[in-house]
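Colleague: Going from the sequence shown to this note's numbering is simple: count from 1 and add 84.
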Amino acid sequence: MKDKKCLLIVPYFGKFNNYYQLFLNSIANLQSFDFLIVTDDKRKFINPQNVTCLYMSFEDLKERIAQKMGFSYPLSHPQKLCDYKPVYGEIFDDYVKNYQYWGFCDIDCIYGDLDKLVAPLMEEHYDKIFNLGHLTLIKNDLANNKLYKKFINPQNGESPIFSTEVGMKFDEEYGEYSINRQFVRENKSIYSHQLGADIYTKANRFYLHDYDFQTNKHQLIKEENLFVYSNGKVFNIQVSDDQIVKQEFAYIHLQKRLMTVAIELSSKEYKIIGNRFEPLEIPLNEITTTNYKDIRKQSFTNHYLKLRFKNLKTKIKRYIKHNTK
């Protein structure tokens, strides 16, 4: 009898980001979700009761993966773990056994009221909830947990996903080599509507980035946004037709952004703008069309230039490595 709702599994190696405590605070009061953090970062944080830390080295995790999967694959860097996310139900089967659902998420997020927005979906008994790597839930049964094996030759272990060190986006989207595509092939029930605010990486401003699973295309929504975390909830505040419009999200995803933390880590309410966490000058319900622009006003950020420079360095390193063999 599985008496617990959902366990979200997060392997992370190296130092956590500078707002990791804010991530922990954002999930602290969730009743339907527990978290298993697998890491080698042993620094002291204030861990909520629903968080279990499993300390191990990356090498130890590689051994665990090989043991659980029955084959040993090239896995030289933690980034490749994204392709192993759909296997976590088997890799950590001893931890998920008492849960109705297991899943995976990212720590570069601030989570909102998952109990309100996501937990009811588990009552609908979907096989899979959501499509992207920053938050996905999978119903905990043997068939779902072993679905990744469809991409492995049982005789020799050869796999288009795991036999290469190239990231294959196995955990998300709907490409040929995607766990989502396999759930569709198996006629599994999937909830595909995204409830999180996924922030576009290649802009200084906070633009929403959406993914259309039907066309397998990404969409950029260029609108003015003001994100606020308030007592366990994440809101986007906008002005439309001279009125304040407040939309609640399950979380905000801050991928590839170096954030400045300009608030107390214990803050219950703050705004998330540009690349900064800042104090909210007034209570959330006092934001009006008159003061909206002043509150939303952000400091200069060179996020986009930094990202382009980082990508350029990566390309140069790959070029040198490829041409010096």
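Quick reminder that beta carbons are idealized off the backbone N, C-alpha and C, glycines included.
Exposed or buried, what is S156 when buried is set at 16 or more other beta-carbons lying within 10 Å of its beta-carbon?
Modeller: The count along the sequence shown starts at 1 and reaches residue 156 at position 72. So S156 counts as exposed.
Colleague: Report back the beta-carbon spacing between C189 and V94 to the nearest angstrom; my notes put them in contact at under 8 Å.
Modeller: What you label residue 189 is simply residue 105 of the sequence shown in a count that begins at 1. What you label residue 94 is simply residue 10 of the sequence shown in a count that begins at 1. At roughly 6 Å, the Cβ-Cβ gap stays under 8 Å, so C189 and V94 are in contact.
Colleague: Pull up the distance between the alpha-carbon of P132 and that of L338, whole angstroms please.
Modeller: Taking the first residue of the sequence shown as 1, we reach residue 132 at position 48. Taking the first residue of the sequence shown as 1, we reach residue 338 at position 254. About 22 Å.
Colleague: Specify, as a first and last residue, the run of the alpha helix (DSSP H) that G173 falls within.
Modeller: Locating residue 173 in the sequence shown gives position 89, counting from the first residue. Its alpha helix (DSSP H) spans residues Y172 to I175.
Colleague: Run the proximity test for G358: is its beta-carbon closer than 8 Å to any non-hydrogen atom belonging to the ligand ADP?
Modeller: Looking for the ligand ADP in the displayed structure turns up nothing, as the structure carries no ligands at all.
Colleague: Can you list the beta strand (DSSP E) stretches of 3 or more residues lying completely in the region 274–321, in chain order?
Modeller: DSSP runs (the beta strand (DSSP E)) wholly in the region 274–321: 292–296, 301–305 and 310–314.
Colleague: Skipping 5 residues on each side, what residues in its chain have a beta carbon closer than 7 Å to that of Y261?
Modeller: Sequence index remark: in the sequence shown, residue 261 carries index 177 (1-based). Same-chain partners within the cutoff: F235, P244, I245, M252 and F254.
Colleague: Along the chain, which unbroken stretches of the alpha helix (DSSP H) at least 4 residues long are found entirely within the region 215–272?
Modeller: Here the runs fully enclosed are 226–229 and 263–269.
Colleague: Name, in chain order, the residues that DSSP records as bridge partners for E121.
Modeller: Within the sequence shown, the letter at position 37 stands for residue 121. The amino acid occupying residue 121 in the given sequence is Ile; Glu does not appear at that position. Paired residues: V94 and C137.
Colleague: Just mark C137 as buried or exposed, buried being the case when its beta carbon has 16 or more other beta carbons within 10 Å.
Modeller: Position 53 of the sequence shown holds residue 137. Exposed, because fewer than 16 other Cβ atoms sit within 10 Å of the Cβ of C137.
Colleague: On the DSSP bridge assignment, give the partners of F155 in chain order.
Modeller: Your numbering for residue 155 matches position 71 in the sequence shown. Answer by DSSP bridge pairing: none, since F155 is not bridged.
Colleague: Determine, using beta carbons only, whether Y313 and K355 come nearer to each other than 9 Å.
Modeller: Stepping through the sequence shown from its first residue, residue 313 is reached at position 229. Stepping through the sequence shown from its first residue, residue 355 is reached at position 271. For Y313 and K355, yes; Cβs fall inside 9 Å.
Colleague: Cα separation between I149 and Y139?
Modeller: The residue labelled residue 149 in the question sits at position 65 within the sequence shown. The residue labelled residue 139 in the question sits at position 55 within the sequence shown. Taking the straight line joining both Cα atoms gives about 15 Å.
Colleague: Nearest-angstrom Cα distance between Y195 and F333?
Modeller: For the purposes of this step, residue 195 is identified with residue 111 of the sequence shown, where counting begins at 1. For the purposes of this step, residue 333 is identified with residue 249 of the sequence shown, where counting begins at 1. Using only the alpha carbons, I get a separation of about 9 Å.
Colleague: How far does the beta strand (DSSP E) with H184 in it extend, from its first residue to its last?
Modeller: Here residue 184 is taken as the residue at index 100 of the sequence shown, counted from 1. Inspection of the sequence shows that residue 184 is occupied by Gln rather than by His. Its beta strand (DSSP E) spans residues Y183 to C189.
Colleague: Could you pull the start and end residues of the beta strand (DSSP E) that Y335 belongs to?
Modeller: Sequence index remark: in the sequence shown, residue 335 carries index 251 (1-based). That run of the beta strand (DSSP E) goes Y335 to H337.
Colleague: Assuming F142 contacts F97 under a Cβ cut-off of 8 Å, what Cβ separation, rounded to an integer in Å, is found between them?
Modeller: Within the sequence shown, the letter at position 58 stands for residue 142. Within the sequence shown, the letter at position 13 stands for residue 97. Confirmed, about 5 Å.
Colleague: Here's the rule I'm using: 16 or more other beta-carbon atoms within 10 Å means buried, otherwise exposed. How should T248 be labelled?
Modeller: In the sequence shown, the residue the question calls residue 248 occupies position 164. T248 should be labelled exposed.
Colleague: Assuming V345 contacts Y103 under a Cβ cut-off of 8 Å, what Cβ separation, rounded to an integer in Å, is found between them?
Modeller: Against the sequence shown, residue 345 aligns to sequence position 261. Against the sequence shown, residue 103 aligns to sequence position 19. So it is a contact: roughly 5 Å between Cβ atoms.
Colleague: From this set, L106, D177 and D199, which residue's C-alpha is nearest D225's C-alpha?
Modeller: Working through the sequence shown from its first residue, we reach residue 225 at position 141. Ranking L106, D177 and D199 by Cα distance to D225 puts D177 first.
Colleague: Kindly indicate the opening and closing residues of the beta strand (DSSP E) around P363.
Modeller: Start at 1 with the first residue of the sequence shown, and residue 363 comes out as number 279. Taken as a continuous stretch (DSSP letters only), the beta strand (DSSP E) holding P363 covers R360 to P363.
Colleague: Where does K88 fall in DSSP's three states?
Modeller: By one-based count along the sequence shown, residue 88 stands at place 4. Reduced to three states, the DSSP call for K88 is strand.
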